[in-house]
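Below is one structure, written out as C-alpha cells; comments come after it.
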Amino acid sequence: MKRLMLVASLALLGMLIDSAYATSNPISQAAVASQEANYLTKVFQATNAHAVGFVIHDYSTVNHSYLPSASTQHLAIDVANKLGLTGLRGKAQIKVGEHLVELSGRWPQMEVLVVVSSLNHTVMGHLDLQNDTTVVIRAVSNTDSLKSLQLRMNSIVNALSESHITPQIDAYIHGTLPSKLTQTQTAKVVAHALTSVDAHQVEALQTQDISSVSAYSPQDSLYIVTGQSKMNLQVALHFDPNQGNTNVDVGVPFITDNY
C-alpha cells in the first residue's frame, strides 16, 4: 500500500506538470534522453559529491480512454517486457471506475516499478475530468556507478515509444558530501553546479539545514514552466545529522522525491 501511495503521488505530480513539458529543439526522444543523462551527470559531478544512486521516473498519458481490466493488464505486461525486466511480480486492483496494475522487476543492480492506471472519471463522479490511462515507471539504482544512467533512460524512452506512448522522463542523482557545510560552502556548491551548465537561478528555498535551488539552462532542450519561468534543473543539499554528512540531490527537470 505504501508503494502504491508513492506511485499515486508521483502520478499526481505528473498530472500537474504534464502540460508544461516543452522542448526548444526538434530532436528525437532517444537523443533527448541521452542529452538529459549527460547534462544531469555533468551538473552532479560539478558538486564534487560522491554518488550513491539515481532514480529515473516517467509519468506518461497513454490516451483518454477507460480500458477494460484485461487491456490494462496487457499494457502493463507489454511495457515491462519491452523494458526487458526480469523476475516480474505483479498485483492488480480492479474497482468500479478504476483499473490499476503494478508490476515490479529488475535490471542489473536496479529495481524497476511499472504501474498502469485506467480511470473512468465519470463513474467516479469527477465530471470535469476526462477518462485517462497512464503509465508510471520508476527505476532505482543504489550503486555509486552512473554508467547505466544514460542506458536506462534510453531503455525507458524506447519501450514507451515502441508502445506509441510519449515519454515524460525526469531523473535525479543522489550523493553525499562528508560533513555539514556552512552557508557559504553550500552556496559555492550550488554555484559550481549551476555554472557548469550556464544555468541561472529561478527559485530558491533556504533553511538552516536545507538549500534547494531551481534553475534554467539553455544547454538542455527540455524544460517545464513554473509560473512564468522556464526550469530544467534542481539542486538540493540537506544535512543529515544521523549520518553526519550532507545529502546532495541533482535532478532534471526537478527532484521527484523528498530530499
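For the sequence shown, the positions run -22 to -1, 1 to 237 when mature numbering (1 follows the signal peptide of the UniProt record, and there is no 0) is used. Just so it is clear, CB atoms sit at the ideal spot from N, CA and C, and this is done for glycine as well.
Own chain, CB closer than 6 Å to residue i, minus 5 neighbours either side, in chain order
i: Leu81; result: Ala54, Ala58, Leu66, Gly68, Val92
i: Val118; result: Val33, Glu89
i: Ser47; result: Ile72, His77
i: Glu14; result: Val230
i: Asp218; result: Asn225
i: Thr168; result: Contrary to the premise, residue 168 reads as Val rather than Thr in this sequence. Answer for Val168: Val191, Val213, listed in chain order.
i: Lys60; result: Ala137, Glu140
Reduced DSSP secondary structure (H/G/I, E/B, other) of residue i
i: Tyr194; result: strand
i: Met102; result: coil
i: Asn223; result: strand
i: Leu159; result: coil
i: Asp110; result: strand
i: Asp148; result: strand
i: Phe217; result: strand
i: Thr154; result: strand
i: Ile188; result: strand
i: Ile115; result: strand
i: Asp36; result: strand
Close-in-space but distant-in-sequence residues of the same chain around residue i (CB under 7 Å, 5 per side omitted)
i: Gln7; result: Val135, Ser139, Pro145
i: Ser96; result: Tyr44, Leu45, Thr50, His77, Thr111
i: Leu124; result: Thr19, Ala29, Phe32, Ile151
i: Ser174; result: Lys20, Val21, Ala24
Status (buried if at least 16 other CB within 10 Å, exposed otherwise) for residue i
i: Pro231; result: buried
i: Val114; result: buried
i: Arg40; result: For the record, residue 40 in the displayed sequence is Val; it is not Arg. Val40 is buried by the Cβ-count criterion.
i: Glu181; result: exposed
Distance between residue j and residue i (C-alpha atoms, nearest Å)
i: Asn236; j: Val226; result: 12 Å
i: Pro196; j: Met209; result: 10 Å
i: Met102; j: Gln108; result: 11 Å
i: Gly222; j: Ala27; result: 14 Å
i: Asp148; j: Ser38; result: 11 Å
i: Asn220; j: Thr160; result: 18 Å
i: Ser189; j: Val74; result: 44 Å
i: Gly205; j: Gln184; result: 20 Å
Close-in-space but distant-in-sequence residues of the same chain around residue i (CB under 8 Å, 5 per side omitted)
i: Leu105; result: His99
Assumed close pair residue i, residue j - CB separation to whole angstroms, cut-off 8 Å
i: Asp187; j: His216; result: 6 Å
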